[in-house]
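Report on one structure; see the data block that follows.
Number of protein chains: 2
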Amino acid sequence: MATIKDVAQKAGVSIATVSYVINKSRRVNPETAKRVCQAIQELNYHPNRIAQSLVTKSTQILSVLISDITDPFFAPIVRGIEDVAVKAGYIVMVCNNDEDSSKTKRYLDSLAQHRVDGLIISPTSGIEDLKANLEEMGIPTVFVNRRSAEVEADLVESDNELGAYMGIRHLLDLGHTKIGTIIGPTTVSTYADRLSGCKRAFQEAGVTPDPSLLKTGSFHPDSGYQMAKELFAGATKPTAVFVGSGRLSRGAYQAFQEMGLGIPEQLSLVTFDDTEWTTLVTPPLTTVSQHTYQMGQMAAEILLERIKKRNTPPPLWPDEEGQKPEAIPLQHLKLKPDLIVRSSTSHLQEGVKGGECGE
Amino acid sequence: MATIKDVAQKAGVSIATVSYVINKSRRVNPETAKRVCQAIQELNYHPNRIAQSLVTKSTQILSVLISDITDPFFAPIVRGIEDVAVKAGYIVMVCNNDEDSSKTKRYLDSLAQHRVDGLIISPTSGIEDLKANLEEMGIPTVFVNRRSAEVEADLVESDNELGAYMGIRHLLDLGHTKIGTIIGPTTVSTYADRLSGCKRAFQEAGVTPDPSLLKTGSFHPDSGYQMAKELFAGATKPTAVFVGSGRLSRGAYQAFQEMGLGIPEQLSLVTFDDTEWTTLVTPPLTTVSQHTYQMGQMAAEILLERIKKRNTPPPLWPDEEGQKPEAIPLQHLKLKPDLIVRSSTSHLQEGVKGGECGE
DNA sequence: AACGCTTATCTAAACGTTTAGTTAAACGTT
DNA sequence: AACGTTTAACTAAACGTTTAGATAAGCGTT
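Those protein sequence lines, which keep their order, are chains A and B.
When we follow this note's numbering, the leftmost residue of the first sequence carries the number 14, and every step to the right adds one.
When we follow this note's numbering, the leftmost residue of the second sequence carries the number 14, and every step to the right adds one.
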């Protein structure tokens, strides 16, 4: 591939001049500039970003570290990031960690070596390394979707507490009190918050939920399936269920179908995450919808801002006196989810009110 | 961030020595090596891949250029690529072009500048630039999912002809003859192939399909919706429909639901692509399932092979005499799709046989 | 004619590695 | 004691850019 040297030679100028016309970083005689441009064209010259990066210390690469791009929840986040990244001249690296901290560690190392300009991460719990790594590498980082207990940094998340609150509240408003709750591991901030939201809704309504109706499991749809079955194996049968994640709801929904539960007659169902299939099933599901694409966009915008004014916030870098005036406060965005009421929820029917006398 | 110089200084050796212990590229006194390793640890040294790349001319970056990561068809492909890439020490850049050739062009430029080691691309039709770009940049490339008429390169695709054949054949076997076909733009190899497959199935069965029952549209679900409606607006009503893509089937399925068509009693439905929701709807759909994850894996493996023996195949680089003995022949993998028979298809019922006499 | 200013271009150092080639010490042979 | 061989480490060029500073020509003042 042609180098700047080739271009310079062809145009009969020094390489510095070529650099100046490319970057418009100094005045260049229009005539000369034209010759240079022509040479660039003819040689199909692509400036070597590697060499550029080495001297400018900027790679124009953003990285995203998530659980799994295959998850319909994460894909739009990544897409949102990509769209704003591209607009700003960045390109994005995608990293899947499958909620596995050793994969995370390896990726962070790799990203550090590649000297990516920034990182957007949906953190897995229990990464103590994370803090150390992030700090020492000094890569501008914004958290997306989940918080990390260990590290303070910019954050874009949904208002999960509110989302869950709205879901449960909706069911309560419809007269349900025996409400089953299926949720992921509460070590993760999203689920912890959603659980709080559920509790608040119950409390406000003066309803004390049967503790046997609360199920917490893992991330996997299978776990959702499992929990759904358990919910109806207990003494108190719920008349409504709130499933606290899209992935879990896939499994749970399958379980409900297998059990032949009529929705919404026998079971009112509210689900977190408004993925593709929620409107395709019959009846279409009432969901708490997160603005995933926008979440990605916001995260990327904040990250770019951080990169521009390269002042890592206080908690990551100990306050150096000289820096202070420029420091941007830590951003913490909370996107309001929407409750989309469809046909999987309905008023509690007198006939099916009790659960104990169930089928 | 610490540099190799810092490490050398701390360990009391030259930078060359440090390089040797890192890369194990020369014998180093074990004692010295230990000192170096310790220095690396203490400084949390991450070798600067930028600098490495500049001299080794290898970035350890693979890139994937697809329509949209948000599409449940592409996500597993990317995941397959990522998994084999990571195992080989590569990291992957994801690029969405939204089937837009100008975005493609910009991305190719960008990737060229970043000097990515390889490219996996699902080509959009009508990119004449593609050929020129790919050739001049000399980036090892493998096509995935779709062929490009313009450029010859390694290719991993589904046997789309076979997939469609199986789908139609299945419907014919069930006694259907008025079979509607909904398919994407036949300028794209996938759809062209699928159309051929449909035709072959009809031909073999001695059935001449009503031309009004063949609809071709765009990529978008809306287009699927549109075509589904049109299909039942015509004079000949189909008793079965074959939808030739997952994205289109989303729209089509919605249309069928709106029209209140009983599946499979009034309409037997076969759909391409076995995405998440096909088993969640009632009844679960009969689908032609592509092995997308595996497709990504294979593509990445072939690409890595190409990168290793860096012999760009004949069509891209004119045959130089010296190279010949090493050249690997162009790979062309065709993954067989599976017909998964579920409950959306059934034997043609006598009562609904005709279509002309409407509902 | 000498001076300073502007404009256009060039020179060369720097970025952080890899690696071929060199040096130097240590050791075994003769 | 002189020599070759092995081992271990060093020196310096190269990779392809950016960019500060130097140079030099052209021009308007005085």
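For every residue, glycine included, the Cβ atom is placed at its ideal position computed from N, Cα and C.
- If you check the CB distance, cysteine 108 of chain B and isoleucine 74 of chain A do not come in under 9 Å.
- As far as DSSP is concerned, isoleucine 320 of chain B takes part in no beta bridge.
- Burial state of glycine 275 of chain A is exposed, judged by a 10 Å Cβ sphere holding fewer than 16 other Cβ atoms.
- Annotation: alanine 313 of chain A to glutamine 54 of chain B spans about 32 Å, alpha carbon to alpha carbon.
- Under the 10 Å beta carbon count, valine 169 of chain B is surrounded by 16 or more other beta carbons and is classified as buried.
- Assignment of glutamate 170 of chain A by DSSP, reduced to helix, strand and coil, places it in the strand class.
- Around the beta carbon of arginine 182 of chain A, 16 or more other beta carbons sit within 10 angstroms, so the residue counts as buried.
- Between serine 135 of chain A and isoleucine 94 of chain A, the C-beta spacing is not below 9 Å.
- A straight line joining the alpha-carbon of arginine 40 of chain B with that of tyrosine 204 of chain B spans about 57 Å.
- Between proline 153 of chain A and glycine 131 of chain A, the CB-CB gap stays under 9 Å.
- With the criterion set as a beta carbon lying under 7 Å from some beta carbon of chain B, the members of the segment 286-299 of chain A are Glu289, Trp290, Leu293, Val294, Thr295, in sequence order.
- Within the segment 150-228 of chain A, the runs of beta strand (DSSP E) that reach at least 3 residues and sit entirely inside it are, in chain order, 154-157, 167-171, 192-196.
- For alanine 88 of chain B, the nearest beta carbon of chain A is closer than 9 Å to its own beta carbon.
- Within its own chain, the residues whose Cβ lies closer than 7 Å to the Cβ of glycine 102 of chain B, once the five positions on either side in sequence are excluded, are Gln73, listed in chain order.
- For glutamine 270 of chain A, a Cβ of chain B is located within less than 9 Å of the residue's own Cβ.
- Out of A:Lys37, A:Ser356, A:Ser231, A:Ala248, the CA that lies nearest to the CA of threonine 292 of chain A is found in A:Ser356.
- A direct Cα-Cα distance of roughly 15 Å separates isoleucine 353 of chain B from serine 171 of chain B.
- Spanning the alpha carbons of threonine 252 of chain A and glutamine 279 of chain A requires a straight line of approximately 6 Å.
- Annotated three-state conformation of isoleucine 82 of chain A is coil, per DSSP.
- Residue burial annotation: valine 68 of chain A is exposed, with fewer than 16 other C-beta atoms found within 10 angstroms of its C-beta.
- In this structure, histidine 59 of chain B and methionine 106 of chain B do not form a Cβ contact; the two beta carbons are roughly 20 Å apart against a cut-off of 8 Å.
- Within chain B, no C-beta atom comes less than 7 Å from the C-beta of aspartate 19 of chain A; the nearest is roughly 13 Å away.
- In the three-state DSSP reduction, serine 262 of chain B falls in the helix class (H, G or I).
- Just so you know, the alpha carbons of serine 281 of chain B and valine 301 of chain A end up roughly 33 Å apart.
- Alanine 253 of chain A: member of the beta strand (DSSP E) spanning 253-256, first to last residue.
- Rounded to whole angstroms, the Cβ separation of phenylalanine 255 of chain B and valine 283 of chain B is 5 Å, and the two are in contact under 8 Å.
- Taking C-alpha positions only, glutamate 148 of chain A is separated from glycine 273 of chain B by approximately 58 Å.
- For threonine 72 of chain A, no beta strand (DSSP E) run applies, since DSSP gives it neither H nor E.
- A residue is called buried when at least 16 other Cβ atoms come within 10 angstroms of its Cβ; asparagine 61 of chain A meets this threshold and is buried.
- Taking a Cβ-Cβ cut-off of 9 Å, the neighbours of glutamine 267 of chain A in chain B comprise Thr292, Leu293, given in sequence order.
- With fewer than 16 other CB atoms across the displayed protein chains lying within 10 angstroms of its CB, histidine 360 of chain A is exposed.
- Leucine 348 of chain B places its beta carbon 9 Å or farther from that of valine 155 of chain B.
- At least one beta carbon of chain A lies nearer than 9 Å to the beta carbon of methionine 14 of chain B.
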